[in-house]
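Chemist:
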Amino acid sequence: MEPVEALRLRARGIADVQANERLTEYLSSANLRITRLEESESLRLRMTRFPELTFAHANLPRAVVEWPRDELSLSRAAIILCVSGHVVGAPAEAMLQRRPGLFLVPPGVEPVAFETRSPLNEILYISAPAALLSDLDLTARRAQPRPELPAGVLAPLAAFAISLSSGSLGNPLVVGPLRAAAMEVAHALARLIAEGDPSELTLFSRAVRLIVDNHADARLTAPRLATLAGVSQRTLQAAFASEGTTVARELRATRTRTAAELRRRSPDLPAADVARAAGFGSVSTLYRAVSEVPQEQSAGDSTDTSSGNQAHV
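Under my numbering, the residue at position 201 of the sequence shown is numbered 191, and the numbers go up by one with no gaps.
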């Protein structure tokens, strides 16, 4: 597809959906199915699609949308935000939920579906690469929604998503920076759904979050991380040991992922700049860390970060 694509679609009822060539083409490429759509109101859908990232803003009546996931879905994640109305996702075990009306669907092959239950519903939908979730704690999947987030936290992120979905990008020179900003907003929403308030996290998860936020500082070590986490170094090391890992290993893995992403986005960036931005003390330390990554993991990371030409929702 083009570097960016804007779509504005409208349909009233299932028959109208099936007769709308552009809408059916999008649904097919996204592997989505609208199996129910009341005719009381029109479905109005606006979206902006980058090769590996989609932001969509929908207004629709009572409806059911299914995602019959397959092998390609292993490289995709989805975020749904109910701005107004009422939406239910199923099966609950396949997604993380948080009030008010926030859903995060991690990569997987289990079919999922969403049902809007109010006469009129406003929904934000984001499809993103699986790599977006690589640093998030997805272990606590619960059937029941997690605690509510303050409206003030969601408002600016939702406003950006609605604006971006309008498809009014204007100058093509802004596509690159806007895509980068869109990825950050998607990551922020995913993080809020998965982790919410830091008090909800285990010590290990809080420490991993601190690593992600501070790994670019080459001075970050286990003692410094323990200070940031507010615990003793022994307590911190015990928390990592219980998860079968170490602070040094997770810090090195995070910096290696950052370096790989920098290389992907800016292949001409000097190695010294990559090492510095990722938090490595030297180029040789960077090369040594990269060489220690298992081959199968390297192949998987390469697949994840280059899947922009694959069909995605």
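C-beta: ideal position from N, C-alpha, C; glycine also.
Remember, it's a predicted structure, so these values are computed and weren't measured experimentally.
Whole angstroms are fine: how far does the CA of S65 sit from the CA of I113?
Modeler: As a position in the sequence shown, residue 113 is number 123, starting the count at 1. As a position in the sequence shown, residue 65 is number 75, starting the count at 1. Cα to Cα, I113 sits roughly 23 Å from S65.
Chemist: State the beta-bridge partners of Y115 as determined by DSSP.
Modeler: Mapped onto the sequence shown, residue 115 falls at position 125. Answer is A46 and I70.
Chemist: If we ignore side chains and look at the alpha-carbon of each, how far apart do P257 and V198 end up?
Modeler: Counting from one through the sequence shown, the residue named residue 257 turns up at place 267. Counting from one through the sequence shown, the residue named residue 198 turns up at place 208. Approximately 28 Å between the Cα atoms of the pair.
Chemist: Can you tell me whether F230 is helix, strand or coil according to DSSP?
Modeler: Taking the sequence shown and counting its residues from 1, the one referred to as residue 230 is at position 240. The three-state secondary structure of F230, taken from DSSP, is helix.
Chemist: With which residues is T14 paired in a DSSP beta bridge?
Modeler: One-based indexing of the sequence shown puts residue 14 at position 24. According to DSSP, T14 bridges with nothing at all.
Chemist: Going by DSSP in three states, E28 sits in which element: helix, strand or coil?
Modeler: Position 38 of the sequence shown, counted from the start, is the residue given in the question as residue 28. In this structure, E28 counts as coil in the three-state DSSP scheme.
Chemist: So for F270, helix, strand or coil by DSSP?
Modeler: Position 280 of the sequence shown, counted from the start, is the residue given in the question as residue 270. Coil, per DSSP.
Chemist: To the nearest angstrom, report how far apart R239 and H205 are at their CA atoms.
Modeler: Residue 239 sits at position 249 when you count from the first residue of the sequence shown. Residue 205 sits at position 215 when you count from the first residue of the sequence shown. Each residue's Cα considered, the two are about 12 Å apart.
Chemist: Take the Cβ of R36 as the centre, count every other Cβ of all protein chains shown within 10 Å, and call the residue buried at 16 or more, exposed below.
Modeler: The residue you call residue 36 lines up with position 46 of the sequence shown. The residue is buried, with at least 16 neighbouring Cβ atoms inside 10 Å.
Chemist: Throw me the rounded Cβ distance for the N111 and G75 pair, which I believe falls under 8 Å.
Modeler: For this step, residue 111 is matched to residue 121 along the sequence shown. For this step, residue 75 is matched to residue 85 along the sequence shown. So it is a contact: roughly 3 Å between Cβ atoms.
Chemist: For L123 and A178, which I take to be in contact (beta-carbon distance under 8 Å), what is that distance rounded to the nearest angstrom?
Modeler: One-based indexing of the sequence shown puts residue 123 at position 133. One-based indexing of the sequence shown puts residue 178 at position 188. Contact flag wrong, Cβ pair sits at about 12 Å.
Chemist: With a threshold of 8 Å, are at least 3 pairs of Cβ atoms found where one atom belongs to the stretch 8 to 19 and the other to the stretch 115 to 122?
Modeler: no
Chemist: Assuming the contact rule is C-beta atoms closer than 8 Å, A268 and A249 should be a hit. Round their C-beta distance to whole Å, please.
Modeler: Counted from its first residue, the sequence shown places residue 268 at position 278. Counted from its first residue, the sequence shown places residue 249 at position 259. Contact holds; Cβ gap of about 4 Å.
Chemist: Please determine, among R245, E(-5) and R169, the residue with the shortest C-alpha to C-alpha distance to D203.
Modeler: For this step, residue 203 is matched to residue 213 along the sequence shown. Ranking R245, E(-5) and R169 by Cα distance to D203 puts R245 first.
Chemist: Mapping DSSP to helix, strand and coil, what is L139?
Modeler: Against the sequence shown, residue 139 aligns to sequence position 149. Note: L139 maps to coil in three-state DSSP.
Chemist: Using the C-alpha atoms, what's the distance from V280 back to A243?
Modeler: Position 253 of the sequence shown, counted from the first residue, corresponds to residue 243. Position 290 of the sequence shown, counted from the first residue, corresponds to residue 280. The alpha-carbon atoms of A243 and V280 are separated by roughly 9 Å.
Chemist: Helix, strand or coil for R0, going by three-state DSSP, please let me know.
Modeler: Your numbering for residue 0 matches position 10 in the sequence shown. Looking at R0 - three-state DSSP - the assignment turns out to be strand.
Chemist: According to DSSP, what are the bridge partners of R34?
Modeler: Counting from one through the sequence shown, the residue named residue 34 turns up at place 44. Under DSSP, R34 forms a beta bridge with R0 and N49.
Chemist: Could you check the C-alpha separation between A84 and S19 for me, to the nearest Å?
Modeler: As a first step, residue 84 is located in the sequence shown; it is residue number 94 there, counting from the start. As a first step, residue 19 is located in the sequence shown; it is residue number 29 there, counting from the start. So the alpha carbons of these two residues sit roughly 22 Å apart.
Chemist: Alpha carbons only, please: which of Q223, L154, L182 and R255 is nearest the one belonging to I69?
Modeler: For the purposes of this step, residue 69 is taken as the residue at position 79 of the sequence shown. Per the Cα distances, L182.
Chemist: With a threshold of 7 Å on Cβ separation, who are the neighbours of V175 within its own chain once the five nearest residues in sequence on each side are excluded?
Modeler: Numbered from its first residue, the sequence shown carries residue 175 at position 185. Contacts found: L147, F150 and A151.
Chemist: In its own chain, which residues sit with a C-beta less than 6 Å from the C-beta of L(-3), not counting the 5 before and 5 after it?
Modeler: On the sequence shown, residue -3 is found 7 positions in, with the first residue counted as 1. M37, listed in sequence order.
Chemist: Given a threshold of 16 other Cβ atoms within 10 Å of its Cβ, counted over all protein chains shown, does R278 qualify as buried or as exposed?
Modeler: Indexing the sequence shown from 1 puts residue 278 at position 288. Exposed, since its Cβ has fewer than 16 Cβ neighbours within 10 Å.
Chemist: Report the three-state DSSP secondary structure of E(-5) (helix, strand or coil).
Modeler: Mapped onto the sequence shown, residue -5 falls at position 5. In this structure, E(-5) counts as strand in the three-state DSSP scheme.
Chemist: Which residues mark the beginning and the end of the alpha helix (DSSP H) in which T246 is found?
Modeler: Against the sequence shown, residue 246 aligns to sequence position 256. That run of the alpha helix (DSSP H) goes V237 to R255.
Chemist: Where does R220 fall in DSSP's three states?
Modeler: Along the sequence shown, read from residue 1 onward, the residue named residue 220 stands at position 230. It is worth fixing the name first, because residue 220 is Gly in this sequence and not Arg. Coil.
Chemist: Taking its Cβ as the centre, do 16 or more other Cβ atoms sit within 10 Å of N299, making it buried, or is it exposed?
Modeler: To locate residue 299, count along the sequence shown from 1; it is residue 309. Caution is warranted here: a pLDDT of 33 is assigned to N299, below 50, making its placement in the model unreliable, and no coordinate value can be reported.
Chemist: From the DSSP output, in three-state form, read off A103 for me.
Modeler: As a position in the sequence shown, residue 103 is number 113, starting the count at 1. If DSSP states are grouped into helix, strand and coil, A103 belongs with the strands.
Chemist: Taking 8 Å as the limit between beta carbons, can you name the residues of its chain near L193, skipping five residues before and five after?
Modeler: Counted from its first residue, the sequence shown places residue 193 at position 203. Within the same chain, L193 has close Cβ partners A219, V221, T225, L226 and A229.
Chemist: Using the Cα positions of L128 and R254, report the straight-line distance between them to the nearest angstrom.
Modeler: The residue given as residue 128 occupies position 138 in the sequence shown. The residue given as residue 254 occupies position 264 in the sequence shown. Cα-Cα distance, rounded: 25 Å.
Chemist: Can you name the start and end residues of the beta strand (DSSP E) that R169 belongs to?
Modeler: Reading the sequence shown from its first residue, position 179 is the one you call residue 169. Careful: R169 lies outside any beta strand (DSSP E), inside the alpha helix (DSSP H) at V165 to A184.
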